[in-house]
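K.L.:
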Amino acid sequence: MDGNQINGKKVTEELLVAKGYKKYHGADLDIYYHKDICAHIGNCVRGNPNVFEVGRRPWIIADNGGVEDDIRVINSCPSGALKYIRKDEPACK
Ligand code: SF4
Numbered sequence: 202m203d204g205n206q207i208n209g210k211k212v213t214e215e216l217l218v219a220k221g222y223k224k225y226h227g228a229d230l231d232i233y234y235h236k237d238i239c240a241h242i243g244n245c246v247r248g249n250p251n252v253f254e255v256g257r258r259p260w261i262i263a264d265n266g267g268v269e270d271d272i273r274v275i276n277s278c279p280s281g282a283l284k285y286i287r288k289d290e291p292a293c294k
């Protein structure tokens, strides 16, 4: 699943927050998570347990992984509960 899109459109922070996603700030990439969409399949924690650790607060620390690796793991989320916005790309409305 494309972690920077919803229904084929590039996501924005405004859209994700309006839909109920929570933001987990990173230096080069922000990760967004929606607990009600999460199917608890665990691809994220298996993909990079340094970034995604269920027992920790916050449970997502974007900067514990590289940008490309974070994107790889987010794209492996089958439910759409994880999204991302890169900081090094111009915002697209
Ligand atoms: S990969 Fe997605 S659906 Fe699976 S546990 Fe992580 S956030 Fe939830």
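According to the working numbering, the sequence shown is numbered sequentially starting from 202. Every residue gets a Cβ at the ideal spot worked out from N, C-alpha and C, and that includes glycine.
1. Between the C-alpha atoms of valine 252 and lysine 284, what's the straight-line distance to the nearest angstrom?
2. Going by the beta-carbon positions, is the gap between aspartate 203 and glycine 227 smaller than 9 Å?
3. Flag this pair as yes or no: are the beta carbons of lysine 220 and isoleucine 207 separated by less than 9 Å?
4. For lysine 273, which beta-bridge partners are listed by DSSP?
5. Return the CA-CA distance between tyrosine 234 and lysine 288, expressed in angstroms with no decimal places.
P.N.:
In terms of the structure at hand:
1. For this step, residue 252 is matched to residue 51 along the sequence shown. For this step, residue 284 is matched to residue 83 along the sequence shown. Straight-line Cα distance between these residues: approximately 14 Å.
2. Along the sequence shown, one-based indexing puts residue 203 at 2. Along the sequence shown, one-based indexing puts residue 227 at 26. The answer is no: Cβ separation not under 9 Å.
3. Along the sequence shown, one-based indexing puts residue 220 at 19. Along the sequence shown, one-based indexing puts residue 207 at 6. Cβ distance < 9 Å, so lysine 220 and isoleucine 207 count as in contact.
4. On the sequence shown, residue 273 is found 72 positions in, with the first residue counted as 1. Just to set this straight, residue 273 is arginine in the shown sequence, not lysine. Partner(s): none; arginine 273 has no beta bridge.
5. In the sequence shown, counting from the first residue as 1, residue 234 sits at position 33. In the sequence shown, counting from the first residue as 1, residue 288 sits at position 87. Within the model, the alpha-carbon separation for tyrosine 234 versus lysine 288 is close to 17 Å.
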